[in-house]
């Protein structure tokens, strides 16, 4: 009888141990892998205080200079001078996207421009999304769509890899922009689908 009780107790102990093992929580996933896939949208602009020169083809205003100024950690301004007009654009950089919040012609020369106070910018609503994630083919924001990732593009400045290509298609035209981390837009292509002409602006110099 003692022998049978011993066997029964052993079986019961093994069974309870198995239940405890089955009920134990699964190992936690490594949180680092989630962070590694997070996009830093601040990297899709040129350095603070830099001036980029773009060489244009197909239109007299396709060549322009672009001055970049960070107003705070979340707001960045670009001043574009194409020889015919000077435009200031200001963007709000969020965790999952970049919004255009300010787009106006300015009278001053690019080096003499007075920038808006950040407090006043915080009250502005988005005009349109400029760029958004996830950075993969098929992602849409506003009228734009990511059509290619990991692309290569040659510019007058240098050749780039890991380029993100975004596209806007309308009835009469197609717009394409080529974005690179650390540089933002390095090339833009406008194609008129009616008159069949192409206008390109390609990064030539960055100072």
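Residue numbers (mature numbering (1 follows the signal peptide of the UniProt record, and there is no 0)): -21 to -1, 1 to 186. Beta carbons: idealized from backbone N, C-alpha and C, even for Gly.
Same chain, Cβ closer than 6 Å to residue i, five either side skipped, listed in chain order
i: residue 63; result: 40
i: residue 127; result: 144
i: residue 120; result: 108, 111
Burial state of residue i (16 or more Cβ within 10 Å)
i: residue 45; result: buried
i: residue 180; result: buried
i: residue 67; result: buried
i: residue 28; result: exposed
i: residue 43; result: buried
i: residue 73; result: exposed
i: residue 78; result: buried
Residue range of the alpha helix (DSSP H) that includes residue i
i: residue 83; result: Where residue 83 is concerned, there is no enclosing alpha helix (DSSP H), although the beta strand (DSSP E) it sits in stretches over 76 to 84.
i: residue 98; result: 97 to 100
Element boundaries [beta strand (DSSP E), containing residue i]
i: residue 116; result: That residue, residue 116, is in no beta strand (DSSP E); it is neither H nor E in DSSP.
i: residue 179; result: 176 to 185
i: residue 30; result: 30 to 36
Cα-Cα separation between residue i and residue j, rounded to whole angstroms
i: residue 91; j: residue 85; result: 10 Å
i: residue 75; j: residue 109; result: 11 Å
i: residue 106; j: residue 140; result: 30 Å
i: residue 113; j: residue 178; result: 29 Å
i: residue 48; j: residue 151; result: 34 Å
i: residue 102; j: residue 21; result: 20 Å
i: residue 171; j: residue 83; result: 25 Å
i: residue 118; j: residue 38; result: 30 Å
i: residue 186; j: residue 32; result: 9 Å
i: residue 158; j: residue 125; result: 11 Å
i: residue 163; j: residue 148; result: 21 Å
i: residue 88; j: residue 166; result: 24 Å
Threshold first: 4 residues or longer. Then list the alpha helix (DSSP H) segments lying entirely within the stretch 107 to 165, N to C. none
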